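Student: Take a look at this one; I'll ask things after.
2 protein chains.
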Amino acid sequence: MDAPTLEARLSAVAAAVETALDGVLSGEPGPGEIARPARLLDAMRYAMLGGGKRLRPALAVMTGALLAVDPVRSLRAGLAVECVHGYSLIHDDLPSMDDDALRRGRPTLHRAYDEATAILAGDALLTLAFDLLADPATHPDAGVRIALVTALARAAGLGGMVGGQMLDLAAEGRFSDGVAHAQDETAVLRMQSMKTGALIAAPIAMAAELAGAAADERAALSAYASALGAAFQVADDLLDAEGSEAAVGKATGKDAEAGKATLVGLLGPEGARARLAALVDAAVEALTPFGLRAAELQATARFVAERSR
Amino acid sequence: MDAPTLEARLSAVAAAVETALDGVLSGEPGPGEIARPARLLDAMRYAMLGGGKRLRPALAVMTGALLAVDPVRSLRAGLAVECVHGYSLIHDDLPSMDDDALRRGRPTLHRAYDEATAILAGDALLTLAFDLLADPATHPDAGVRIALVTALARAAGLGGMVGGQMLDLAAEGRFSDGVAHAQDETAVLRMQSMKTGALIAAPIAMAAELAGAAADERAALSAYASALGAAFQVADDLLDAEGSEAAVGKATGKDAEAGKATLVGLLGPEGARARLAALVDAAVEALTPFGLRAAELQATARFVAERSR
Chain B
1 MDAPTLEARL
11 SAVAAAVETA
21 LDGVLSGEPG
31 PGEIARPARL
41 LDAMRYAMLG
51 GGKRLRPALA
61 VMTGALLAVD
71 PVRSLRAGLA
81 VECVHGYSLI
91 HDDLPSMDDD
101 ALRRGRPTLH
111 RAYDEATAIL
121 AGDALLTLAF
131 DLLADPATHP
141 DAGVRIALVT
151 ALARAAGLGG
161 MVGGQMLDLA
171 AEGRFSDGVA
181 HAQDETAVLR
191 MQSMKTGALI
201 AAPIAMAAEL
211 AGAAADERAA
221 LSAYASALGA
231 AFQVADDLLD
241 AEGSEAAVGK
251 ATGKDAEAGK
261 ATLVGLLGPE
271 GARARLAALV
281 DAAVEALTPF
291 GLRAAELQAT
301 ARFVAERSR
Chain S
1 MDAPTLEARL
11 SAVAAAVETA
21 LDGVLSGEPG
31 PGEIARPARL
41 LDAMRYAMLG
51 GGKRLRPALA
61 VMTGALLAVD
71 PVRSLRAGLA
81 VECVHGYSLI
91 HDDLPSMDDD
101 ALRRGRPTLH
111 RAYDEATAIL
121 AGDALLTLAF
131 DLLADPATHP
141 DAGVRIALVT
151 ALARAAGLGG
161 MVGGQMLDLA
171 AEGRFSDGVA
181 HAQDETAVLR
191 MQSMKTGALI
201 AAPIAMAAEL
211 AGAAADERAA
221 LSAYASALGA
231 AFQVADDLLD
241 AEGSEAAVGK
251 ATGKDAEAGK
261 ATLVGLLGPE
271 GARARLAALV
281 DAAVEALTPF
291 GLRAAELQAT
301 ARFVAERSR
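Quick look at the structure:
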């Protein structure tokens, strides 16, 4: 499958995500809800609509397609992951975290609204993710839906994304001693696999769960997901080190400024580019058991290496 | 059932909650987790262990006892609600929200640690709540567990607790115009039923779900929960207006200072006390179909009126 076809697929998923989020984030209270305060809803819509590659929903949909999952179901799983991703960006951008002013070329949520609204919008999006997964539209079998809830909770929580953000802040020397902690490659890779990798692997594992995939299929997809997540992070580090703010749509050069160990710092730009190529090869290779059906996910690994966010 | 017996019950539940949280918040990564960063875990333990009446878990356990639910199951449901309650207090206390320095007589989490850690600890606790509910130990039937996930997500999210906190901040005049919004009784009651009532009703409804309770039983419990939640809030407003910081364990007089409409302000202290008595009567009355089995929950309504937190 060549690049234009992948781009068309990503555009189609992005459009479907946009439409679905627009519906989910309507002003009408859902069952069991009392009212939806307009300012909070507006803030959630500002953060979630009108932007982003929608990589995580695309991974759910494309993995689902590989395993013959109803695309309505894989999109819903991807939507839940996207809500968690969106909340994590909102909270990471806060003044007490990364203190970012720009996100996708627009003011971050706490700049466009205010800090309290941004914290609450993030909280509401995280909660919404589980509400979406629990809905029968995601899968008729409650046991499958429960497995999705568990997978997302583990990828997002203390031992996953939130824990990774904590390690990332610690690596910047933000706590107690105020010194950036010396980080070797193992520590950097672990932090990245938690902060970013877990939520890239989640939509892939969740689509496999929707399909009731066999153990060997899940193992192959898991190997793909690990390599893809690592490749994504190296590409992101390269962008931060070398990209311009205008091209990337957010502040760059922040890692070096924060004195933070990254793979680009540890391996050098050339070493990082070689690592990225090896990771893409590993991702592509992991899916060879699926034959041509895996072309789309394999093209995605190459795409991620070219432009990360 | 007289007060000492209720107190003994509350103490027993509080001890069980403490033990269970201590186990859940261990340093050992769970399945699907990569690692649990020590500082984040310590912060979650600081916030969750060693304090609080554990009212919400007690409501789950007592409602469960009324309906012959295995207490292990009702306690797990209560534990999930307590994690959501704990996260909501952490985020509400933040500088950009209520900016509180004290909680249960100790420094709030962002004062004891830092703001970033407090935000992440709250995020991780909210995520953990859904992980707990999804575990088979909560109920063998995945359909029941999914119903619990849905109930908690709706009580906690945009149309429930988080939405209520947003309305509460708006009522203080925190946004755009900077003016405290005129709030009539209907608006105050709606805000309170979202911010506080939803998470008091949740453990009661969740225990009914664990029991597979009949529609008339659920309706009676729901009426009890509404009255109890409203009573809780009036008692809390009275404490804020009349209690000392030392007795309450957190800052008092904050509502008046924030120019916020409360029932004490709208009805006067005497009117609020009369309303409180009427709500307790309504809560007790709602449970008469259960006969003597409801004595414990009825005593809890009286207890809440005497001392809210």
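Line by line, the protein sequences give chains B and S. Here the first sequence is numbered in this note's numbering, starting from 1 and rising by one per residue. Here the second sequence is numbered in this note's numbering, starting from 1 and rising by one per residue. By construction, the Cβ of each residue, glycine as well, lies at the ideal position given by its N, Cα and C atoms. Predicted model, so just to flag it, every value in this text is computed and none were measured.
1) If we cut at 8 Å on Cβ distances, does S/VAL149 have a partner in chain B?
2) Relative to the C-alpha of B/CYS83, which candidate in B/VAL284, B/LEU25, B/SER222 and B/GLY30 has its C-alpha closest?
3) Considering S/PRO269, what are the terminal residues of the alpha helix (DSSP H) in which it resides?
4) Applying the 10 Å Cβ sphere with the 16-neighbour rule, what's the burial state of S/THR127?
5) Could you tell me how far apart the beta carbons of B/ARG275 and B/LEU292 are, in whole angstroms, since I believe they sit closer than 8 Å?
6) When burial is assigned at 16 or more other CB atoms within 10 Å of the CB, is B/PRO31 buried or exposed?
7) Going by DSSP, which residues form a beta bridge with B/PRO107?
8) Comparing the C-beta of B/LEU40 with each C-beta of chain S, is any distance below 8 Å?
9) Return yes when the Cβ of B/TYR224 is within less than 8 Å of the Cβ of B/ALA299, no when it is not.
10) Which residues mark the beginning and the end of the alpha helix (DSSP H) in which S/THR300 is found?
11) Between B/GLN183, B/THR150, B/ALA213 and B/GLY173, which has its C-alpha nearest B/ALA198's C-alpha?
12) Can you give me, in chain order, the residues of the stretch 121-141 of chain S that have a beta carbon less than 7 Å from any beta carbon in chain B?
13) Less than 8 Å between CB atoms is the rule here; does S/GLU115 satisfy it with respect to chain B?
14) Determine the direct distance from the alpha carbon of B/GLY243 to that of B/ALA373, and round the result to whole angstroms.
15) Suppose the cutoff is 6 Å on Cβ atoms and the five residues either side in sequence are ignored; what does the same chain contact list for S/ALA3 look like?
16) Compare the beta carbon distance of B/MET317 and B/LEU148 with 8 Å and say whether it is the shorter of the two.
17) Can you give me the Cβ contacts of S/ALA121 inside the same chain, cut-off strictly under 7 Å, excluding the 5 residues immediately before and after it?
18) Does the Cβ of S/ASP64 have 16 or more other Cβ atoms within 10 Å, making it buried, or fewer, making it exposed?
19) Could you tell me how far apart the beta carbons of B/ARG9 and B/GLU296 are, in whole angstroms, since I believe they sit closer than 8 Å?
20) Report the residues of the stretch 182-202 of chain S with a CB closer than 8 Å to any CB of chain B, ordered along the chain.
21) Near B/ALA211, which residues of its chain fall below 6 Å by C-beta distance, leaving aside the five closest residues on each side in sequence?
22) Just mark S/THR186 as buried or exposed, buried being the case when its beta carbon has 16 or more other beta carbons within 10 Å.
23) Could you compute how far the alpha carbon of B/PRO289 sits from the alpha carbon of B/ALA215?
24) Is it the case that the CB of B/LEU126 approaches a heavy atom of the ligand GDP more closely than 7 Å?
25) Taking the straight line between their C-alpha atoms, what separation do you get for B/LEU125 and S/LEU228?
26) What number of angstroms, rounded off, separates the C-alpha of B/ARG302 from the C-alpha of S/MET97?
27) Look at the alpha carbon of S/LEU75 and the alpha carbon of S/ALA58, and state the distance between them as a whole number of angstroms.
28) Can you give me the Cβ contacts of B/VAL280 inside the same chain, cut-off strictly under 7 Å, excluding the 5 residues immediately before and after it?
29) Which two residues bound the contiguous alpha helix (DSSP H) that contains B/ARG145?
30) With H, G and I counted as helix, E and B as strand and the rest as coil, what does DSSP make of B/GLY23?
31) Mind checking if B/ALA213 is an interface residue toward chain S, Cβ cutoff 8 Å exclusive?
32) Starting from B/PHE175 and walking both ways along the alpha helix (DSSP H), at which residues does that stretch end?
33) Who are the near neighbours of B/ALA294 in its chain, counting only those whose CB is closer than 7 Å to its CB and skipping five residues on each side?
34) Name the chain S residues that come within less than 9 Å of B/LEU263, Cβ to Cβ?
35) Nearest by alpha-carbon distance to S/ALA38: which of B/TYR87, B/LEU167, B/GLY268 and B/VAL234 is it?
36) Compute the beta-carbon to beta-carbon distance between S/ALA60 and S/PRO203, rounded to the nearest angstrom, for a pair I have assumed lies under 8 Å.
Tutor: So, from the data block:
1) yes
2) B/LEU25
3) 263-286
4) buried
5) Incorrect: roughly 28 Å between the Cβ atoms, too far for contact.
6) By the Cβ neighbour-count rule, B/PRO31 is exposed, with fewer than 16 other Cβ atoms within 10 Å of its own.
7) The secondary-structure analysis by DSSP pairs B/PRO107 across a beta bridge with B/LEU102.
8) yes
9) Taking a C-beta distance under 8 Å as the contact criterion, B/ALA299 and B/TYR224 do not qualify as a contact pair.
10) 295-306
11) B/THR150
12) Within the stretch 121-141 of chain S, the residues whose Cβ lies closer than 7 Å to some Cβ of chain B are ASP123, ALA124, LEU126, THR127, LEU128, PHE130, ASP131 and ALA134, listed in chain order.
13) yes
14) No statement about residue 373 of chain B is possible, as the shown extent of chain B runs from 1 to 309 and does not include it.
15) Unreliable placement is indicated for S/ALA3, whose pLDDT of 44 sits below 50; the coordinate value is still reported in the next sentence. Taken in chain order, the list of residues that qualify is empty.
16) This structure does not reach residue 317 of chain B, given that chain B is present from 1 up to 309, and the question cannot be answered.
17) LEU40, ALA43, MET44, ALA47, ILE90 and LEU109
18) Asp is not the amino acid found at residue 64 of chain S; the sequence shown has Gly there. The residue in question, S/GLY64, is buried, as its Cβ has 16 or more Cβ neighbours within 10 Å.
19) 7 Å
20) ARG190, SER193, MET194 and ALA198
21) LEU67 and VAL69
22) Classification of S/THR186: exposed, given that the 10 Å Cβ count is below 16.
23) Here the alpha carbons of B/ALA215 and B/PRO289 stand approximately 13 Å from one another.
24) Absence of the ligand GDP is noted for the structure shown, with no ligands found whatsoever.
25) Going from the Cα of B/LEU125 to the Cα of S/LEU228 covers about 28 Å.
26) Roughly 43 Å separates the two Cα atoms.
27) 8 Å
28) ALA231, ALA301, ARG302 and ALA305
29) 142-156
30) helix
31) no
32) Careful: B/PHE175 lies outside any alpha helix (DSSP H) and carries neither H nor E.
33) LEU66 and LEU287
34) In chain order: nothing, as chain S lies at least about 17 Å away.
35) B/LEU167
36) 4 Å
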